[in-house]
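Data first, discussion second: the structure below is written as structure tokens.
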């Protein structure tokens, strides 16, 4: 039994049951078995915060892995696949990616990348882009989820025109598959790229279509909130301030209800910008303060720099020059620490 544990770099009772359990006809008490490993000092070391996970000494692990591959080669791939699936479920994307890559399973890799995409945007953008580039063209150009992810990467890099072309292809495929979730998500992504190109009517059209798809579906409320925000920001750019404010406030309410905390400070900042534009300065300050509190807690320095620049300009407009200078200097510091050169330049102009 212990020899099959070697396929897991680190393991606890639950992972053993999930990945190795199917190898045995009878139920195995994995907790008792792992306790025995520790008690008999079988080269197993406790790891993790509470020491509930185990790891074999690397020399012993290498020996066991080599022996297991020689004696049970027919079981290796099945174990690795179950391990990768378990890692996908727990969000250990890079570990799962390595297994599928070693197995040369491109379809499994593509499915993994589609699942991991949203969280990877926030934490490992360069890794996601590398994974996407590593897919063969037959998969990268035929799966709408991959096309949509590729488009979003290009959009984030500032290549909005290239992004729209990828989104167009993904949307056509999603329509053919009648995949409402994929279609809605790609519509809001394309809408944001259209907005970046200054095509606000096209952006609003994409937002309106995806809002019709998602409004009444509980599991798609996170996309619905994105669509409300897209429409609100596009209306703001067109100068329709009160209508924009309505959509942005509705977007924030949905994010708050869904406990989707990542976009909340961005939307609060945009609400503050609209209130500032219509002269509702007290409401604008309240939104900026609320967003700033969240950003100071989560450490997003680049967005914090943007917010502080806007907030400093608001104080400047109100004639509160000392407060403006203090806030703009804090924004400059955030811009420098985050490497956000464009915002650093804007803040210096504001200070000047």
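Residue numbers (the working numbering): 1008 to 1359.
Where a beta carbon is used, it is the ideal one built from N, C-alpha and C, also for glycine.
Who are the Cβ neighbours of residue 1344 in its own chain at under 6 Å, not counting the five residues just before and after it? 1308
With DSSP as the reference, label residue 1331 as helix, strand or coil. Look at residue 1331 here: in three-state DSSP terms it is helix.
Residue 1026 classed as buried or exposed, judged by whether at least 16 other C-beta atoms fall within 10 angstroms: buried
What does residue 1062 pair with, by DSSP beta-bridge criteria? 1052
Examine the Cβ distances between the segment 1126 to 1144 and the segment 1158 to 1170 and report whether three or more of them are shorter than 8 Å. yes
Give me the residue from 1057, 1106 and 1061 with the minimum Cα distance to residue 1050. 1061
Same chain, Cβ closer than 7 Å to residue 1136, neighbours up to 5 away in sequence not counted: 1160
Status (buried if at least 16 other CB within 10 Å, exposed otherwise) for residue 1015: buried
Report yes or no: do three or more beta-carbon pairs, one from the segment 1271 to 1283 and one from the segment 1294 to 1305, lie closer than 8 Å? yes
6 Å Cβ shell around residue 1120 - same chain, five flanking residues per side excluded: 1138
Own chain, CB closer than 6 Å to residue 1229, minus 5 neighbours either side, in chain order: 1265 and 1267
For residue 1357, does the three-state DSSP call read helix, strand or coil? Confidence in residue 1357 is poor, its pLDDT being 45 and thus under 50, which makes the residue's placement too unreliable to answer from.
Do residue 1083 and residue 1089 count as a contact pair if the criterion is CB distance below 8 Å? Cβ atoms of residue 1089 and residue 1083: not closer than 8 Å.
Mind reading off the beta-carbon distance from residue 1198 to residue 1154? Whole number of angstroms is fine, and I expect it under 8 Å. At roughly 16 Å, the Cβ-Cβ gap does not stay under 8 Å, so residue 1198 and residue 1154 are not in contact.
Hey, residue 1288 and residue 1244: beta-carbon distance below 8 Å or not? At a Cβ-Cβ threshold of 8 Å, residue 1288 and residue 1244 do not count as neighbours.
Of the residues 1056, 1052 and 1330, the one placed nearest residue 1066, counting alpha carbons only: 1052
Taking residue 1295 as part of the alpha helix (DSSP H), name the residues at either end of that continuous run. Residue 1295: member of the alpha helix (DSSP H) spanning 1288 to 1305, first to last residue.
Would you call the CB atoms of residue 1167 and residue 1203 closer than 8 Å? yes
If distances are taken between C-alpha atoms only, which option among 1337, 1072, 1147 and 1235 comes closest to residue 1255? 1235
When the distance is taken between beta carbons, is residue 1144 closer than 8 Å to residue 1177? no
So the alpha helix (DSSP H) residue 1201 belongs to, where does it begin and stop? 1187 to 1203
Complete runs of the alpha helix (DSSP H) confined to the segment 1219 to 1255 [at least 4 residues]: 1228 to 1245
Cut-off 7 Å between Cβ atoms - residues of its own chain near residue 1257, not counting five sequence neighbours on either side: 1235, listed in sequence order.
What does DSSP give as the partner residues of residue 1018 in its beta bridges? Answer by DSSP bridge pairing, in chain order: 1061.
Could you have a look at residue 1047 and say whether DSSP puts it in helix, strand or coil? coil
Nearest-angstrom Cα separation, counted from residue 1047 out to residue 1134: 41 Å
Helix, strand or coil: which one does DSSP assign to residue 1215? helix
In chain order, what residues of the same chain have a beta carbon less than 6 Å from the beta carbon of residue 1024, not counting five sequence neighbours either side? For residue 1024, where only same-chain residues beyond five positions count, the Cβ hits under 6 Å are 1037.
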